[in-house]
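Visitor:
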Amino acid sequence: MNYADLFDALDLGRPELHEVQAAVAASDKTAAMKALAQHLRHRTTPRWYFRWQDSPEASEQGPFPEAEKILRHEITYGFHGAPDFTATFGERIDWDANPTEGEHGTHLWNECLNRHFHFAPLVKAYRATGNERYAQGLVRDWMDWIAHNPRPIDSSGNDVARPYGCYAWQTLTTGIRLENTWLNALYRCLGSPAFTDEVVSMIYLSIHDQALHLMQWPTLNNWLTEESMGLFTAGMMFPEFRAAASWRRTAIERLYGQLSEEVYPDGVEYELAAGYGNWVVRNFINLLEHARRNDLMSELPDDLEPRLEKMFDYMLNTTMPDGTLPGLNDSYNVDVTDLLATGYSLFPHRKDFLYLASGREKGTRPDLMSCAQPYSGHYVMRSGWESDALYMLVDSGPFGSAHQHEDKLHFVLHAYGKQHILDPGNYSYDSSRWRRYVLSTPGHNTILVDGLGQNRRPHRETWTWPKPWSAPIPPGNDTVWSSAADFDYLRGTYNDGYGPDNDRTVTHTRSVFFVKPEYWVVVDTLSPSDDTPHSYESLFHLDTAQAHVDRQTLSVRTGNTGEANLCIIPLRDKTLQNRMVCGQEEPVQGWANAPWRAVPTAVYTKTAPHTVRFVFVLYPTGPGHDIPIVSLEPLTQVGGGEVNGVEITFTDGRSDMVLFSGQKGRETKFSVFTCDGEAAVVRLRKNGVPEKTFLVNGTFIHVIPQTVPDYS
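FYI, in the numbering used here the residues of the sequence shown are 2 to 713.
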């Protein structure tokens with residue numbers, strides 16, 4: 002330990018450090034360390050979440066098997082459905098070690114080791130029992146890490162080309178230590194005799210080194226948020242350092258910059274992964290809470306809170322009826338009710354946050370129902386805010402700045418209290434076939450072309466929208482959205498290529514109609530630019546233990562007993578085929594995470610040398626209810642031609658006619674109605690009297706022989 006570096010870094014002119022200053026002036030290192038440690042033990046500000054003096058009386062005897070394993074240096078980490086891996090060390094931990102291997106080899110294990118997540122079980126056991134063995138083990142590993150991992154002067158520590166060996170000072174890992182694991186351990190265990198004056202001084206010096214490291218090597222995305230919070234925490238909790246105010250100022254500048262540069266106007270962090278986006282939100286919450294607790298609000302920009310409020314808006318607008326955000330990209334379904342409760346505490350005028358946070362028992366129901374979020378590309382269709390409401394999210398946006406999946410035009414569906422069509426979620430960041438599956442198009446509810454998935458990853462122009470983000474809709478977003486009281490409509494396009502060669506021969510257009518509050522029509526149009534036959538597969542990953550296929554109609558229905566169900570009903574033609582896949586390992590298909598499990602996946606296929614269209618009705622039903630559909634029939638224009646609509650007849654005699662391939666400004670005429678829009682819905686009562694109409698991108702819709710007002 003270089004004591005001179007420590008005492009040079011301290012602002013010894015601060016009144017509370019006068020004893021440290023006197024000892025340094027007398028060249029008495031022992032006395033200086035003692036004075037510094039005593040200062041830390043007895044100061045009352047700044048304030049952390051808790052104080053070591055506030056520990057409850059140790060009364061538990063245990064056992065604490067996880068802590069005992071760590072004392073023996075048996076350390077286990079596992080990630081996102083992959084197998085757990087344990088490393089058993091001798092007297093000291095090898096901080097460069099990584100026991101993961103084969104296709105499950107991952108940098109995550111070594112990152113977690115150096116983030117010191119294994120400190121927490123030792124802290125918990127010490128607090129519960131007062132047994133000094135746990136504090137001694139904690140200090141042993143803490144001091145060993147400091148001694149064997151000096152700060153790299155010319156490297157960020159983020160060079161993953163050197164397998165596992167650089168992760169001790171990876172900037173994200175450094176931020177986590179300062180913002181989380183180190184402060185929690187220190188403020189839980191500081192009263193232990195194991196935390197000697199020298200130990201406390203070494204921790205001080207290492208925190209200083211880590212803050213300097215974060216000052217030198219800022220990155221992007223959720224990494225920058227965590228790095229900045231680590232830097233802010235160091236400056237807040239250790240104001241004794243000369244540079245503390247500079248650390249806080251730099252951290253705040255970086256965090257504030259992220260709200261402008263990395264958060265879309267929709268309110269979502271531009272990685273477009275719910276778990277990471279919520280981590281970013283949580284860090285901003287921590288920033289506000291720390292600043293309020295320590296009288297530092299004057300250091301924050303005045304408009305930081307309104308900008309943060311937009312991120313809660315995204316949560317509110319996007320949450321499913323069960324209170325979770327869909328697990329798009331590298332994420333899982335994420336419960337946001339606690340975050341919305343925090344949002345309400347920060348913004349008490351937002352009674353709509355309270356509504357969902359309280360389980361709909363308090364507050365005010367949100368005004369907004371279905372909504373377009375054109376920067377994220379997350380378009381939400383919902384029938385209401387009840388727990389049994391119908392909900393669909395369609396992803397028609399950019400690839401994302403990081404943690405991306407090849408999933409444009411993918412969707413999830415929730416109805417009557419249950420998710421029915423899901424995103425398979427995340428998997429460990431390894432090289433396994435399971436990881437490749439969740440990253441790729443086969444793991445999503447969209448289309449494969451000639452067995453190949455989407456390929457936007459090599460093309461950075463597809464990752465994020467170009468700045469500035471000032472327009473209501475980003476230039477280049479060609480998604481069409483229309484919403485009315487009884488209907489929603491979306492049309493999105495994918496034309497960025499398929500397969501490793503990024504073949505752009507085929508363009509995929511997906512149109513989705515929501516006929517509220519009852520069902521959806523999903524239309525996929527595959528348009529090749531050549532005359533070669535192409536094969537197409539439309540995928541539906543079902544959140545159910547079993548699903549049944551009607552071989553006559555090729556419809557698929559989930560088999561949930563006593564719960565809601567979903568029926569997928571295709572518009573049949575002679576080329577349509579389907580199969581069910583569940584738990585297939587080669588190639589991987591029919592799996593989902595949280596927990597990792599096999600899920601039935603409906604695969605519909607067609608092969609043709611020309612434009613191909615899939616048409617599906619997705620009809621959810623509550624527990625014990627049957628599907629009220631009698632038939633699906635194609636609609637063709639008067640005089641014949643291609644099928645460009647579908648007629649759905651119900652058991653009560655009513656019928657819905659859906660036009661899905663009209664052209665704006667061009668008249669399309671059926672036997673029952675005429676319109677000039679690109680899409681339309683006409684509902685007829687049992688007696689043939691028109692009940693409702695909906696028109697997209699048109700000027701008129703006539704039901705023959707009478708005109709019906711357009712209520713869209």
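From the three backbone atoms N, C-alpha and C, an ideal C-beta is built for every residue, glycine too.
1. Where are the alpha helix (DSSP H) runs, 4 residues long or more, that stay fully inside the segment 152–230, in chain order?
2. Looking at the structure shown, is Tyr50 part of a helix, part of a strand, or coil, going by DSSP?
3. Roughly how far, in whole angstroms, is the beta-carbon of Tyr333 from the beta-carbon of Asn503, given that I think they are within contact range, below 8 angstroms?
4. Looking only at DSSP bridge pairs, what is Met382 linked to?
5. My assumption, with CB atoms under 8 angstroms, is that Asp1 sits in contact with Tyr277. Please give the rounded CB distance.
6. Below 8 angstroms on the Cβ atoms is my guess for Met581 versus Thr612; work out the distance and round it to an integer in Å.
7. If you draw a straight line from the alpha carbon of Arg293 to that of His209, how long is it in whole angstroms?
8. Which runs of the beta strand (DSSP E) spanning at least 3 residues fall entirely within the segment 497–554, listed in chain order?
9. Spatial neighbours of Gly591 within its chain, please: C-beta separation below 7 angstroms, excluding the five flanking residues on both sides.
10. In the structure shown, what three-state DSSP assignment does Phe412 receive?
11. Do you know whose CA, among Ala10, Asn3 and Gln39, lies nearest Glu17's CA?
12. Could you tell me how far apart the beta carbons of Phe120 and Ala186 are, in whole angstroms, since I believe they sit closer than 8 angstroms?
13. So for Trp96, helix, strand or coil by DSSP?
14. Could you tell me which of Pro629, Thr637 and Thr669 sits nearest to Gly654, measuring between CA atoms?
15. Shorter than 7 angstroms, the distance from the beta carbon of Val413 to the closest heavy atom of the ligand GDP, or not?
16. Where does the unbroken alpha helix (DSSP H) through Arg308 begin, and where does it stop?
17. Quick one, which of Thr622, Ser662 and Glu692 has its alpha-carbon nearest Ser656's?
18. Comparing alpha-carbon positions, which option in Ala275, Pro266, Leu543 and Glu306 lies nearest Ile253?
19. Any idea what DSSP makes of Arg436, helix, strand or coil?
20. Can the beta-carbon of Glu227 be found closer than 8 angstroms to that of Glu180?
21. Measure from the alpha carbon of Ser202 to the alpha carbon of each residue in Trp170, Leu357, Phe412 and Val21, then state which is nearest.
22. If we call anything under 8 angstroms between Cβ atoms a contact, is Thr637 one with Ala609?
23. Under a Cβ-count criterion, where at least 16 other Cβ atoms within 10 Å of its own Cβ denotes burial, should Val522 be classed as buried or exposed?
24. How about Arg116 and Thr182: are their beta carbons less than 8 angstroms apart?
25. Report buried or exposed for Arg511, applying the criterion of at least 16 other Cβ atoms within 10 angstroms of its Cβ.
26. Indicate whether the contact test is met: 3 or more Cβ pairs, each with one atom in the segment 306–326 and one in the segment 423–435, closer than 8 angstroms.
27. Considering only C-alpha positions, which residue in the set Asp525, Asp314, Ile71 and Arg42 is nearest to Pro266?
28. If contacts are defined as beta-carbon pairs under 8 angstroms, then Ser528 and Thr508 qualify, I think. What distance do you get, rounded to the angstrom?
29. In chain order, what residues of the same chain have a beta carbon less than 6 angstroms from the beta carbon of Ala235, not counting five sequence neighbours either side?
30. Note the first and the last residue of the continuous beta strand (DSSP E) segment covering Asn799.
31. What does the alpha-carbon distance come out to for the pair Leu160 and Cys167?
32. Just curious, the alpha helix (DSSP H) that Gly493 is in, first and last residue?
33. Tell me the DSSP secondary structure of His40 in three-state form.
34. What do you reckon, are the CB atoms on Thr1 and Asn566 nearer than 8 angstroms?
35. By how many angstroms is the C-alpha of Met316 removed from the C-alpha of Arg44?
Guide: Result, derived from the coordinates:
1. Runs of alpha helix (DSSP H) with 4 or more residues, each lying fully within the segment 152–230, are found at 172–177, 183–190 and 198–217, listed in chain order.
2. For the purposes of this step, residue 50 is taken as the residue at position 49 of the sequence shown. Residue state, collapsed to three classes: coil.
3. In the sequence shown, the residue the question calls residue 333 occupies position 332. In the sequence shown, the residue the question calls residue 503 occupies position 502. The beta-carbon separation of Tyr333 and Asn503, rounded to 29 angstroms, does not stay under the 8 angstroms limit for a contact.
4. For the purposes of this step, residue 382 is taken as the residue at position 381 of the sequence shown. Bridge partners of Met382: Met393.
5. The question about residue 1 has no answer, for the chain in this structure spans 2 to 713.
6. The sequence position of residue 581 within the sequence shown is 580, counting from 1. The sequence position of residue 612 within the sequence shown is 611, counting from 1. Actually they do not touch by this definition, with Cβ atoms about 27 angstroms apart.
7. Here residue 293 refers to the residue found at position 292 of the sequence shown. Here residue 209 refers to the residue found at position 208 of the sequence shown. CA-to-CA, the gap between Arg293 and His209 works out to about 24 angstroms.
8. Along the length of the segment 497–554, whole beta strand (DSSP E) runs at least 3 residues long occupy 507–516, 520–529, 535–542 and 548–550, reported in chain order.
9. As a working note, residue 591 is residue 590 in the sequence shown. Within the same chain, Gly591 has close Cβ partners Val582, Cys583, Gly584, Gln585, Ala599, Val600, Pro601 and Thr602.
10. Taking the first residue of the sequence shown as position 1, residue 412 is located at position 411. If DSSP states are grouped into helix, strand and coil, Phe412 belongs with the strands.
11. Residue mapping note: residue 17 aligns to position 16 of the sequence shown, counting from 1. Comparing Cα positions, the closest option is Gln39.
12. Here residue 120 corresponds to residue number 119 of the sequence shown, with the count starting at 1. Here residue 186 corresponds to residue number 185 of the sequence shown, with the count starting at 1. Between Ala186 and Phe120 the Cβ distance is about 5 angstroms, and since that is below 8 angstroms, they are a contact.
13. As a first step, residue 96 is located in the sequence shown; it is residue number 95 there, counting from the start. Of the three classes helix, strand and coil, the one that applies to Trp96 here is coil, per DSSP.
14. Position 653 of the sequence shown, counted from the first residue, corresponds to residue 654. Relative to Gly654, the option among Pro629, Thr637 and Thr669 whose CA is nearest is Pro629.
15. No copy of the ligand GDP occurs in the structure displayed, which carries no ligand at all.
16. For this step, residue 308 is matched to residue 307 along the sequence shown. Here the alpha helix (DSSP H) through Arg308 covers Leu305 to Thr319.
17. By 1-based counting over the sequence shown, the position of residue 656 is 655. Nearest option by C-alpha distance: Glu692.
18. Counted from its first residue, the sequence shown places residue 253 at position 252. It is Glu306 whose Cα lies nearest to the Cα of Ile253.
19. As a working mapping, residue 436 is identified with position 435 in the sequence shown. Looking at Arg436 - three-state DSSP - the assignment turns out to be helix.
20. To locate residue 227, count along the sequence shown from 1; it is residue 226. To locate residue 180, count along the sequence shown from 1; it is residue 179. Between Glu227 and Glu180, the C-beta gap is smaller than 8 angstroms, which places the two residues in contact.
21. The sequence position of residue 202 within the sequence shown is 201, counting from 1. Answer by Cα proximity: Val21.
22. Against the sequence shown, residue 637 aligns to sequence position 636. Against the sequence shown, residue 609 aligns to sequence position 608. Not a contact, by the Cβ cut-off of 8 angstroms.
23. For the purposes of this step, residue 522 is identified with residue 521 of the sequence shown, where counting begins at 1. The C-beta of Val522 has 16 or more other C-beta atoms within 10 Å across all chains shown, which makes the residue buried.
24. Within the sequence shown, residue 116 is the residue found at index 115, counting from 1. Within the sequence shown, residue 182 is the residue found at index 181, counting from 1. Yes.
25. One-based indexing of the sequence shown puts residue 511 at position 510. Residue environment: Arg511 is assigned as buried (16 or more neighbouring CB atoms within 10 Å of its CB, all protein chains considered).
26. Counting Cβ pairs under 8 angstroms, fewer than three are found: no touch.
27. The residue you call residue 266 lines up with position 265 of the sequence shown. The shortest C-alpha separation from Pro266 is found at Asp314.
28. Here residue 528 is taken as the residue at index 527 of the sequence shown, counted from 1. Here residue 508 is taken as the residue at index 507 of the sequence shown, counted from 1. Correct: roughly 5 angstroms between the Cβ atoms.
29. Within the sequence shown, the letter at position 234 stands for residue 235. Closer than 6 angstroms at Cβ, skipping near neighbours: Leu179, Ile208, Ala212 and Trp248.
30. Since the first residue of the chain shown is 2 and the last is 713, residue 799 is not available in this structure.
31. For the purposes of this step, residue 160 is taken as the residue at position 159 of the sequence shown. For the purposes of this step, residue 167 is taken as the residue at position 166 of the sequence shown. Reading off the sequence, residue 160 comes out as Asp, not Leu. One C-alpha to the other measures close to 7 angstroms.
32. As a working mapping, residue 493 is identified with position 492 in the sequence shown. It is not in any alpha helix (DSSP H) - Gly493 instead sits in the beta strand (DSSP E) that spans Phe488 to Tyr495.
33. Numbered from 1 along the sequence shown, position 39 holds the residue referred to as residue 40. DSSP places His40 in helix when its eight states are reduced to three.
34. Residue numbering for the chain in the displayed model covers 2 to 713; residue 1 lies beyond these limits and cannot be assessed.
35. Locating residue 44 in the sequence shown gives position 43, counting from the first residue. Locating residue 316 in the sequence shown gives position 315, counting from the first residue. So the alpha carbons of these two residues sit roughly 39 angstroms apart.
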